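Numbering (the UniProt record's numbering), first residue to last: 1 to 147.
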C-alpha cells in the first residue's frame with residue numbers, strides 16, 4: 001500500500017467516525033445502522049449489545065427515544081491499518097438528559113474495528129468504555145422551539 005492510499009484510508013475512517021457522531025446527534029438511526037457492516041456489532045456495556053444493522057437501527061431508535069437532549073463530541077484517536085481492516089480508538093464526551101429526568105456527563109473511549117467494503121469503510125465493531133461519569137443533575141436545558 002502506498003503512503004497516499006494509507007492517507008486516504010485514514011481520512012475515510014476519520015470521516016466514518018464523524019458520520020457516526022452526526023447520525024447520533026441528528027437522531028438518524030437508518031444512517032447510523034448503515035455505518036456498520038451487515039454483521040457489525042455495537043456495544044455499550046452493560047446497557048447495549050447490538051449485532052447487525054437491523055438491531056443497531058432498532059436499538060438506536062430505542063435509545064434516542066429516551067433523550068430529552070443529547071450532545072456527543074468525538075476527538076480523534078489512533079488508527080492502525082492492517083490492509084482492508086483497521087483498529088482504532090476515538091475519544092468521546094457526552095452530555096445528556098433523559099426524559100425521566102436523569103442526566104449525566106461522561107468521557108469515554110470507543111474501541112473500534114473497521115472493515116473496508118465495496119461501499120467504503122464501515123464499523124465491524126464499536127465498543128464503548130466509560131472512563132468518567134458524573135450523574136449530577138445538569139443545570140442547563142435544550143432550547144425550546146417555538147411552533
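No residue lacks a Cβ here, since even glycine has one placed at the ideal position from N, Cα and C.
Since we're looking at a predicted model, the values are computed, not measured.
Item	Value
By DSSP, does residue 77 sit in helix, in strand, or in coil?	coil
Spatial neighbours of residue 42 within its chain, please: C-beta separation below 6 Å, excluding the five flanking residues on both sides.	50, 56 and 126
Tell me which same chain residues have a C-beta within less than 6 Å of the C-beta of residue 107, skipping the five on either side of it?	93, 131 and 132
Using only alpha-carbon positions, find the residue among 62, 24, 105 and 30 that is nearest to residue 134.	105
Starting from the C-beta of residue 24, find all residues in its chain whose C-beta is less than 6 Å away, skip the five residues before and the five after it, and write them out in chain order.	72
Assuming residue 195 and residue 12 make a contact with CB atoms under 8 Å, what is their CB distance in whole Å?	An answer regarding residue 195 cannot be provided, because it is not within the stretch 1 to 147 covered by the chain.
Do you know offhand how far residue 16's Cα is from residue 123's?	8 Å
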